[in-house]
Amino acid sequence: MDSPRLDSLLKQTRFSHQDIVALLSLDEPTDVECLRKAAEAVTFQYCSNLVYYRGIVEFSNRCALDCHYCGIRRSNTRVGRFTLTKAEIVEAALWCASEGYGSVVLQSGERKDPSFIDFVEDIILTLKADSVSEALPRGLGITLCVGEQTPETYQRFFNAGAHRYLLRIETTDPGLFHEIHPENQTLDSRLACLRSLQAIGYQVGTGVMIGLPGQTLDMLARDVTFFRDFDIDMIGMGPYIRSQDTPLPGSESIEKSSAFKLGLKMIAVTRLVCRDINIAATTALQALEPDGREQGITFGANVTMPNLTPTEVRKDYQLYDGKPCINEGKGECRSCLLNRVRSVGREVGFNAWGDSKHFAGRH
Ligand code: 5AD
Ligand code: FES
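Just so we're aligned: 102 in this note's numbering is position 110 of the sequence shown, and the numbers increase by one with no gaps anywhere.
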């Protein structure tokens, strides 16, 4: 793109579908660097220099669903199934509070049975009560990522003390959504869940996979418009990476290095379009490039998720092949990520929830 046109495009605050496609299509390294700088400037203007930690506990890989891309899908018999005990989950989460992380994410496969719901609710109640300290007077911020549930269940979790919820839409393209999921999982039901979470008062996060087979830049541009028009507060998105234990093939049109670059461009463009939301630099970026998460931060991300899952079970929570940090422990991820954040000139926002500014704005 000629540079006067790119300069004026990057100064806009409102973007059309064609603008977004044009930005995602940038390929010249100098153009991509202009995009990166613009996204970084918007991050500083609307958020800050701080990167917030959300310690993530992947507490169970038992899953009732069968997504065609996911390594812990129900039909995968090659993975050993586990559910951490309450004591193990609480221990990991309280460790993260004592390390000053401020927020925890509880993630698992999707289950709707009453014993699972009771289990999660009980853990939220315990964590809220036990994590209050001088440094964290309101206790740990709790984000849930346990899939599609009924509005009643979402309300119970909210009442127990969870205040953020992550539910990726995966793709907003109806045809593509249908191709990567079994018949009984629908885009409409996912959208209804997101609406219900918003109505209850959660800070709501979503996201997509980038580089899915058959995915186009048009589809990705519509995903970004969706994040804006749906008033999403938080985004977690990263490249799609093939898992050999699943039926979905790798993308034929997008090779690994382009999926990585597209992942960075999606972060930058989402930052330009949505401005004051929280955006995570996800582990999938690091699976493709050793410094992928740092690059995500310089392209507009302001959140990262150190892994707190006990090392013994990490190998059984591989949603895709080549997931990093499989052999590390939570202490190693702590110092490793701190170095990564500082290596790009940013600081970690310790002992804070680091809520999405966008959420405050819409309330
Ligand atoms: N590659 C990249 N991301 C994946 N996820 C699941 N499987 C894969 C994969 N093969 C993502 C989905 C899900 C999140 C928890 O992990 O977007 O919502
Ligand atoms: Fe886990 Fe680097 S973040 S080892």
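Where a beta carbon is used, it is the ideal one built from N, C-alpha and C, also for glycine.
Residue i by DSSP, collapsed to three states: which one?
i: A273; result: strand
i: V359; result: Because the chain here runs from -7 to 355, residue 359 falls outside it and cannot be looked at.
i: Q147; result: helix
i: V356; result: Lying before the first or after the last residue shown, residue 356 is absent from the chain, which here runs from -7 to 355.
i: T164; result: coil
i: I48; result: strand
i: N299; result: strand
i: Q236; result: coil
i: L280; result: helix
i: L18; result: coil
i: V71; result: coil
i: L356; result: Any answer about residue 356 is impossible in this case: the structure gives the chain only from -7 up to 355.
i: L76; result: coil
i: L158; result: strand
i: S335; result: helix
i: H356; result: Outside the modelled stretch of the chain, which goes from -7 to 355, sits residue 356, for which no answer is possible.
i: D347; result: coil
i: T5; result: coil
i: H170; result: helix
i: E320; result: coil
i: R326; result: helix
i: C55; result: coil
i: G255; result: helix
i: K315; result: coil
i: Q310; result: coil
i: I246; result: coil
Can you determine whether any heavy atom of the ligand 5AD sits closer than 7 Å to the C-beta of residue i, and answer yes or no?
i: M201; result: yes
i: E304; result: no
i: A276; result: yes
i: E140; result: no
i: I233; result: yes
i: Y61; result: yes
i: R267; result: no
i: L311; result: yes
i: G314; result: no
i: G230; result: yes
i: R70; result: no
i: R160; result: yes
Under 7 Å from any heavy atom of the ligand MG, does the C-beta of residue i make it?
i: S243; result: By its list of ligands, the structure shown excludes the ligand MG, since it contains just the ligand 5AD and the ligand FES.
Within 8 Å of any Cβ in chain D, is that where the Cβ of residue i sits?
i: S40; result: No chain D appears in this structure, which consists of one protein chain only.
_Contact between the stretch 227 to 244 and the stretch 178 to 188 is defined here as three or more beta-carbon pairs at a separation below 8 Å; is this criterion met?_
no
*Any 3 or more C-beta pairs closer than 8 Å across the stretch 13 to 33 and the stretch 206 to 225*: yes
*In chain order, which beta strand (DSSP E) runs of at least 3 residues are fully inside the stretch 188 to 241?*
195 to 198 and 226 to 231
*Any chance you could list the beta strand (DSSP E) runs of at least 3 consecutive residues sitting entirely within the stretch 81 to 153, in chain order?*
95 to 100 and 133 to 137
*If we count Cβ pairs, one from each stretch, closer than 8 Å, do we get three or more for the stretch 58 to 69 versus the stretch 87 to 98?*
no
*Should the stretch 14 to 32 be called in touch with the stretch 257 to 264, which here means at least 3 C-beta pairs below 8 Å?*
yes
*Are at least three pairs of beta-carbons, each pair with one atom in the stretch 318 to 336 and one in the stretch 26 to 36, less than 8 Å apart?*
no
_Does the stretch 192 to 200 come into contact with the stretch 147 to 163, if we say contact requires no fewer than three beta-carbon pairs (one atom in each stretch) closer than 8 Å?_
yes
*If we count Cβ pairs, one from each stretch, closer than 8 Å, do we get three or more for the stretch 119 to 129 versus the stretch 139 to 146?*
no
*Is it true that the stretch 44 to 54 meets the stretch 65 to 76, where meeting means three or more beta-carbon pairs spaced less than 8 Å apart?*
yes
*Do the stretch 240 to 255 and the stretch 293 to 306 meet, that is, are 3 or more Cβ pairs less than 8 Å apart?*
no
*Count the C-beta pairs between the stretch 341 to 349 and the stretch 268 to 280 that are closer than 8 Å, then say yes if the count reaches three, no if not.*
yes
_Contact between the stretch 164 to 172 and the stretch 201 to 211 (3+ Cβ pairs under 8 Å)_ = yes
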